[in-house]
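All letters in the sequence shown, in the order written, are residues 14 to 462 by this note's numbering.
Beta carbons: idealized from backbone N, C-alpha and C, even for Gly.
Quantities reported herein were computed from a predicted structural model and do not represent experimental measurements.
Notes for the one structure printed next.
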Amino acid sequence: SPVLLWLRQDLRLRDQPALIAAAEQGPVIPVYVLDDETPGEWRMGGAQRWWLHGSLSRLSEALEARGSRLILRRGPAVSVLQNLLAETGASRVHAIRHYEPWWRDAEAKLGEALCLHEGNHLRRPDSVTTGCGGAYRVFSAFWRALEQSLPPAGPLPMPATIASPDAWPVSDTLEDWALLPHAPDWATGFDWQAGEDAADIAARAFTDKVSQYENARNLPAEQGTSRLSPHLHFGEISPATLWHMIGPAPEALKFHKELAWRDFTSGLVAAMPDYAERAGRPAMDTLPWRTGASAQADLRAWQRGMTGYPIVDAGMRQLWTTGWMHNRVRMLTASFLVKHLLIDWREGERWFWDTLVDADYGNNAVNWQWVAGTGIDANMFSRIMAPLSQSEKFDADDYIRRWVPELAGIADPAIHDPDAHGVRPSAYPAKIIGHREARERALAANRRR
Ligand code: FAD
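Laid out in structure tokens, this is it:
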């Protein structure tokens, strides 16, 4: 009898242990379920859906080139799969393990029918634990433990053949799902190409840049990072494949560590499934966040890139136009929302969830809480980033020129703070709040908890 291959954020055929196991067992029915119910409020956002459309198109073509197919179904994953098992007479479901809480529930509900494989992390993240068996609170300790079992095993080859069932179950079409929004089209902001082959090309291109990564990664104006995050999120390339492509050279250490952050965040949300919704340190949930009309207006100004802080606005506009934002600027924009505007980090987390092509439950939640200073790590709320001086320090002038065209004609250093230099064009807003005033307000709010 056939077996089902349940694909989620592992949309690849290479180094795909669930596919290998399925192919060894019999004819394979690869299936992707668009499930907007099981994740509840964490159903995929707009930018992810846009990426998913491209990724599923490529995967479907790759399977067809090997004489197979991709079956598309929509609905709550557990019942869709149970129905498919009954309909096709399949004996099992093979899948790669995931750590989002809704996927873990679904995996548990499928019970014996489901056979789970590892493959989306460097090592099974919930097995990297402290001596007492708990999750690590800080990355450095997690890394020291993970490092013991590195490098990961080499990538697995693609199965030589993928046998087809006697009859294929019916499938939706991608067009039925209308994943492509009417606006914005993130392809116009960056030349994104979804899919396994594109991930492979992007990863190979990055291997030449790894030696400069440690220095270049903090400069938003440069393309010093890999921009592999959407490929990694959708599992179009496995971390083990990437690791071995990059190689063991000492200058790759910084990149290896960043890759390990994915594992760290998955381990954290495995241990604390509601980490995206609740402060890691419960006392931080008593912070008097601003609410009401003026906070709403400020949130909107942040979302639209109209805060009067050029580096913040550049980042928010890059996000809206490309579905991606440079890591340094993610930190600055997130810190600005939480500390300068005193708006609950969960508002920002939701906005990122809807607008990032790489939106990822663990990565997004852990990084937001890290910046906000609400997480289980020791990061303090009272550490407030200074966006204007960071903008100068990391040479963001060309980055600002690219994403905030109103400021394109302003020279360095005035471009980092046009208000202070008296060169702010009328089309560009004044600062929404002064840095010192914002800082004092945030510190006072923290004292009131
Ligand atoms: P590179 O520097 O080339 O790193 C390679 C890979 O390592 C990344 O693709 C990513 O998979 C992983 N990685 C790097 N840094 C981190 C990190 N700090 N945490 C977890 N994984 C990391 N990353 C997401 O993938 N999804 C998110 O939803 C997300 N939300 C974020 C929210 C905030 C507020 C902040 C500060 C960071 C967030 N990040 C998120 C982490 C990081 O900004 C992105 O992974 C990175 O910018 C992606 O670009 P890159 O692929 O060029 O990264």
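Given that a residue counts as buried once 16 or more other Cβ atoms are within 10 Å of its Cβ, and exposed if not, what is Trp364?
buried
Endpoints, the beta strand (DSSP E) within which Arg19 is located:
Per the sequence presented here, residue 19 reads as Trp, with Arg not at that position. Its beta strand (DSSP E) spans residues 16 to 20.
As a quick exercise: from Arg341, Leu272, Pro323, Glu419, pick the residue whose alpha carbon is nearest that of Asn228.
Arg341
Could you check which residue in Leu24, Ile33, Glu50, Ser251 has the C-alpha nearest to that of Val44?
Leu24
Taking 8 Å as the threshold (C-beta atoms), are Ala234 and Asp408 in contact?
yes
Could you check where the alpha helix (DSSP H) with Pro43 kicks off and where it finishes?
From DSSP, Pro43 is part of no alpha helix (DSSP H) but of the beta strand (DSSP E) over 41 to 47.
So, Arg449 versus Ala443, is the Cβ gap smaller than 8 Å?
no
Is the CB-CB distance between Ser184 and Gly102 below 8 Å?
no
Any idea if Lys406 is buried or exposed, counting beta-carbon neighbours within 10 angstroms, 16 or more meaning buried?
exposed
Is the number of C-beta pairs between the region 242 to 255 and the region 345 to 352 that are closer than 8 Å three or more?
no
Could you pull out every unbroken alpha helix (DSSP H) segment of at least 4 residues lying fully inside the region 246 to 320, listed in chain order?
252 to 259, 266 to 284, 306 to 317
Only counting runs of 4 or more residues, tell me where the alpha helix (DSSP H) segments fall wholly within the region 178 to 252, in order along the chain.
187 to 190, 209 to 220, 223 to 229, 242 to 246
For Ala108, does the three-state DSSP call read helix, strand or coil?
strand
Between Gln309, Glu77, Gly260, which has its C-alpha nearest Val41's C-alpha?
Glu77
Secondary structure at Ala75, three-state DSSP: helix, strand or coil?
helix
Shell residues, 6 Å Cβ cut-off relative to heavy atoms of the ligand FAD:
Arg230, Thr238, Ser239, Arg240, Leu241, Ser242, Leu245, His246, Glu271, Leu272, Trp274, Arg275, Thr278, Asn340, Arg343, Met344, Ala347, Phe365, Leu369, Asp371, Ala372, Asp373, Asn376, Asn377, Asn380, Trp381, Val384
Tell whether a beta-carbon distance below 8 Å holds between Ile324 and Pro172.
no
Three-state secondary structure (DSSP) at Thr142?
strand
Determine the DSSP secondary structure at Ala148, reduced to helix, strand or coil.
strand
So, for Arg462: in the same chain, excluding its five sequence neighbours on each side, which residues have a beta-carbon less than 6 Å away from its beta-carbon?
Thr299, Leu300
Closest to Trp181 by C-alpha separation, out of Ala378, Arg86, Ala327, would be which residue?
Arg86
Could you say which of Asp410, Ala253, Val417 lies nearest to Asp425 if we only look at CA atoms?
Asp410
Let me check one thing: in DSSP terms, what residues is Leu159 bridge-paired to?
DSSP output for Leu159 lists no bridge partner at all.
Taking contact to mean 3 or more Cβ pairs, one atom from each stretch, closer than 8 Å, check whether the region 279 to 287 and the region 142 to 150 are in contact.
yes
What's the gap between the Cα of Pro243 and the Cα of Ala372?
8 Å
Check whether the Cβ atoms of Leu355 and Arg303 sit closer than 8 Å, and answer yes or no.
yes
Should the region 304 to 311 be called in touch with the region 163 to 177, which here means at least 3 C-beta pairs below 8 Å?
no
Measuring CA to CA, which of Gly202, Leu241, Leu232 is closest to Ala211?
Leu241
Taking one C-beta from the region 83 to 99 and one from the region 116 to 124 each time, how about it: are there three or more such pairs within less than 8 Å?
yes
Using beta-carbon positions only, say whether Ala126 and Val141 come within less than 8 Å of one another.
no
Buried or exposed, going by whether 16 or more other CB atoms sit within 10 Å of the CB of Pro170?
exposed
Here's the rule I'm using: 16 or more other beta-carbon atoms within 10 Å means buried, otherwise exposed. How should Asp221 be labelled?
exposed
Is Trp156 near Lys270, with beta carbons less than 8 Å apart?
yes
Taking the CB atoms as reference points, tell me whether Ala391 and Glu419 lie closer together than 8 Å.
no
Straight-line CA distance for Arg56 to Glu453?
37 Å
Helix, strand or coil: which one does DSSP assign to Ile84?
strand
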